[in-house]
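Participant: To start, I am sharing the structure in question, which I have written as structure tokens.
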Amino acid sequence: MNDTVLRGGTVWLDERGMVNADVVIADGRITEIATSGTGQAANIVDVTGLTVLPGAIDAHIHLGHGTDISRPRVPVDAITETGAAARGGVTSLIPYILSAEPYTDVFEEIISVTESGARIDFGFHFVIATEAQLAEVAMLCQKGSPTAKLFMNIRGDEGKRLGLPGTNDGFLFRLLERLAKNGGMLCPHPENIEVAWVLRDRVMAQPEADRDTLAAWNATRPPFVEAEALSRAAYFGRVTGTPVHGVHTSSGEALAAAVQQRAAGSDVSIETCIQYLTQDTDSDIGAMGKVNPPLRAPTDRDALWAGIDAGQIDTIATDHIHRPRSSKDGGIWAAQPGFPGLDTFLPALLTEARKRDIGLEKVLPLVSHNPARRMGFANKGHLAAGMDADIAVLDLNASFTVDNADLATDAGYSTLHGQTMTAKTVHTMSRGNFVLRDGALTDTSIGQGRYVARTLGQVE
Numbered sequence: 153m154n155d156t157v158l159r160g161g162t163v164w165l166d167e168r169g170m171v172n173a174d175v176v177i178a179d180g181r182i183t184e185i186a187t188s189g190t191g192q193a194a195n196i197v198d199v200t201g202l203t204v205l206p207g208a209i210d211a212h213i214h215l216g217h218g219t220d221i222s223r224p225r226v227p228v229d230a231i232t233e234t235g236a237a238a239r240g241g242v243t244s245l246i247p248y249i250l251s252a253e254p255y256t257d258v259f260e261e262i263i264s265v266t267e268s269g270a271r272i273d274f275g276f277h278f279v280i281a282t283e284a285q286l287a288e289v290a291m292l293c294q295k296g297s298p299t300a301k302l303f304m305n306i307r308g309d310e311g312k313r314l315g316l317p318g319t320n321d322g323f324l325f326r327l328l329e330r331l332a333k334n335g336g337m338l339c340p341h342p343e344n345i346e347v348a349w350v351l352r353d354r355v356m357a358q359p360e361a362d363r364d365t366l367a368a369w370n371a372t373r374p375p376f377v378e379a380e381a382l383s384r385a386a387y388f389g390r391v392t393g394t395p396v397h398g399v400h401t402s403s404g405e406a407l408a409a410a411v412q413q414r415a416a417g418s419d420v421s422i423e424t425c426i427q428y429l430t431q432d433t434d435s436d437i438g439a440m441g442k443v444n445p446p447l448r449a450p451t452d453r454d455a456l457w458a459g460i461d462a463g464q465i466d467t468i469a470t471d472h473i474h475r476p477r478s479s480k481d482g483g484i485w486a487a488q489p490g491f492p493g494l495d496t497f498l499p500a501l502l503t504e505a506r507k508r509d510i511g512l513e514k515v516l517p518l519v520s521h522n523p524a525r526r527m528g529f530a531n532k533g534h535l536a537a538g539m540d541a542d543i544a545v546l547d548l549n550a551s552f553t554v555d556n557a558d559l560a561t562d563a564g565y566s567t568l569h570g571q572t573m574t575a576k577t578v579h580t581m582s583r584g585n586f587v588l589r590d591g592a593l594t595d596t597s598i599g600q601g602r603y604v605a606r607t608l609g610q611v612e
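Just add 152 to wherever you are in the sequence shown, counting from 1, and you've got the working numbering.
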């Protein structure tokens, strides 16, 4: 007898779209997509009227501790944020680990701390910033973390607040070479900071009333600063034969630059983030909305949705950062960049897509099958026999208002507070176990998440 059957729902299948079917689960895997009403199991869960989706894979978050976004330090760091993920319909995460120290001695410790609290499965990206870390690329790839990040915007002392030394294009080139040799991929943060410094000084020279706004922050690091750096990284990737994943693409100009590089032969995938699809410089959220790259003008938001509609964008993530609300004190210039987004990920995405008349077939692969394939997450990303039972069940007819008091993230706030969502996560399952059931997190899910070693190019 099988363990669980989700009976009576509308199920998203990559090859067929929405179908009425039962999802049968045993030993953490899907065993059958059965004709509706026929699936048999010891535990029958009625999902009539609900939509059964592959759980979202968020390939871009920062899992930190308090105000420190470098890495999880204690199990509760993973408990809260993977709980937020489950609330948002997310069943796998890939956090960025950030340090100026070598990773060899702490690799297993970081896995252990995260597994002790994680409710869902995860991988890691590692930020490479030093010669010692560059020498560890082969080790990281061998241990299943073949995706590395370089902050292209950290030059001189720009990385001081993160404890990172400055790098240069020579380091970028050598990192690309090392990744190519070891089956890895670069995930660059693309901003030309030298130009941004010039623009920052010009904005700072304006009257104070004109510069404490999201539009002013955008003016310090405008779209062309992002587009130039992404184009440079993708071009060097083509020269070295290295795949590049353009993270948090925020503007129409950067999207166009990546598409142009792809047409020229670069192996470049394009990620955007939920904040660039739901908010812009007109959003009334003040310093809470400070992020790098910045929230852009409404026209950039429209351009990204057009890119989704045209099939140009490959993945959507959150770039979730769970620093506390106090990290936003002091206005635009003092606030720390970044904010949480996991709690509302799928509801916000599906709500906005509906407003823009963008069908589920355009957005669901960008949060499931595509990130699984690009990031090497085997057995995840779509619903089929033999796949991990990583499942999000949503009510696409529900309506709720985002409330800071009702969030799982320990950051304690959302930039979407007060907004109405027209889709709600009801259940979330990780390898067949309920993490979220009837809208409530389960205690039994704490510590069930596991580190998943990834190999690029082996997931269809």
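Ideal Cβ positions, reconstructed from N, Cα and C, are used throughout, including at glycine.
Let me know the secondary structure DSSP gives residue 255 once reduced to three states.
Facilitator: Residue 255: coil per DSSP, three-state reduction.
Participant: Give me, in chain order, the residues of the same chain whose beta-carbon lies closer than 6 angstroms to that of residue 231; leave out the 5 immediate sequence neighbours on both sides.
Facilitator: If we look at residue 231 and ignore the five residues flanking it on each side, its Cβ neighbours are 269 and 598.
Participant: If you count every other CB in all the chains shown that lies within 10 Å of the CB of residue 309, and 16 or more means buried, which is it?
Facilitator: So residue 309 counts as exposed.
Participant: Excluding five sequence neighbours on each side, which residues of the same chain lie with their C-beta closer than 6 angstroms to the C-beta of residue 571?
Facilitator: Closer than 6 angstroms at the Cβ level, and outside the excluded window around residue 571, lie 554.
Participant: Mapping the DSSP letters down to three states, classify residue 454 as helix, strand or coil.
Facilitator: Here residue 454 sits in helix by DSSP.
Participant: Below 8 angstroms CB to CB, which residues in the same chain sit around residue 381 once its five sequence neighbours on both sides are set aside?
Facilitator: Closer than 8 angstroms at the Cβ level, and outside the excluded window around residue 381, lie 304, 305, 340, 342, 343 and 344.
Participant: Can you check DSSP and say which residues form a bridge with residue 514?
Facilitator: Residue 514 is not bridged to any residue.
Participant: Kindly indicate which residue of 316, 199 and 236 has the alpha-carbon position closest to the one of residue 250.
Facilitator: The option with the nearest alpha carbon to residue 250 is 316.
Participant: By a C-beta neighbour count over all protein chains shown, 10 Å radius and 16 as the cutoff for buried, is residue 320 buried or exposed?
Facilitator: Looking at its Cβ environment, which holds fewer than 16 other Cβ atoms inside 10 Å, residue 320 is exposed.
Participant: Residues in the same chain with beta-carbon distance under 8 angstroms from residue 612, minus the five sequence neighbours each way, listed in chain order, please.
Facilitator: Cβ within range, chain order: 525.
Participant: Would you list, in sequence order, the uninterrupted beta strand (DSSP E) runs of no fewer than 3 residues that lie entirely inside the region 398-471?
Facilitator: 420-425 and 467-469, all fully within the region 398-471.
Participant: With DSSP as the reference, label residue 353 as helix, strand or coil.
Facilitator: In this structure, residue 353 counts as helix in the three-state DSSP scheme.
Participant: Is residue 325 helix, strand or coil when you go by DSSP?
Facilitator: Reduced to three states, the DSSP call for residue 325 is helix.
Participant: Here's the rule: buried if 16 or more other CB atoms are within 10 angstroms of the residue's CB, otherwise exposed. What is residue 460?
Facilitator: The residue in question, residue 460, is buried, as its Cβ has 16 or more Cβ neighbours within 10 Å.
Participant: From the DSSP secondary-structure annotation, give me the bridge partner or partners of residue 247.
Facilitator: DSSP lists 213 as partners of residue 247.
Participant: Can you tell me whether residue 196 is buried or exposed? The criterion is at least 16 other CB atoms within 10 Å of its CB, across all chains shown.
Facilitator: By the 10 Å Cβ count, residue 196 comes out exposed.
Participant: Can you give me the start and stop residues for the alpha helix (DSSP H) that residue 378 sits inside?
Facilitator: 375-392 is the extent of the alpha helix (DSSP H) around residue 378.
Participant: Write down every uninterrupted run of the beta strand (DSSP E) in the region 526-607 whose length is 3 residues or greater and which is fully enclosed by it, in chain order.
Facilitator: 543-547, 576-582 and 585-589, all fully within the region 526-607.
Participant: If you draw a straight line from the alpha carbon of residue 495 to that of residue 407, how long is it in whole angstroms?
Facilitator: C-alpha separation (whole angstroms): 26 angstroms.
Participant: On the DSSP bridge list, what partners appear for residue 341?
Facilitator: Answer is 303, bridged to residue 341.
Participant: Taking Cβ positions, are residue 545 and residue 581 nearer each other than 9 angstroms?
Facilitator: Contact flag set, yes.
Participant: Tell me whether residue 239 sits in a helix, a strand or coil according to DSSP, three-state version.
Facilitator: Here residue 239 sits in helix by DSSP.
Participant: Closest to residue 222 by CA distance: which of 474, 568, 577 and 394 is it?
Facilitator: Nearest of 474, 568, 577 and 394 to residue 222, Cα basis: 474.
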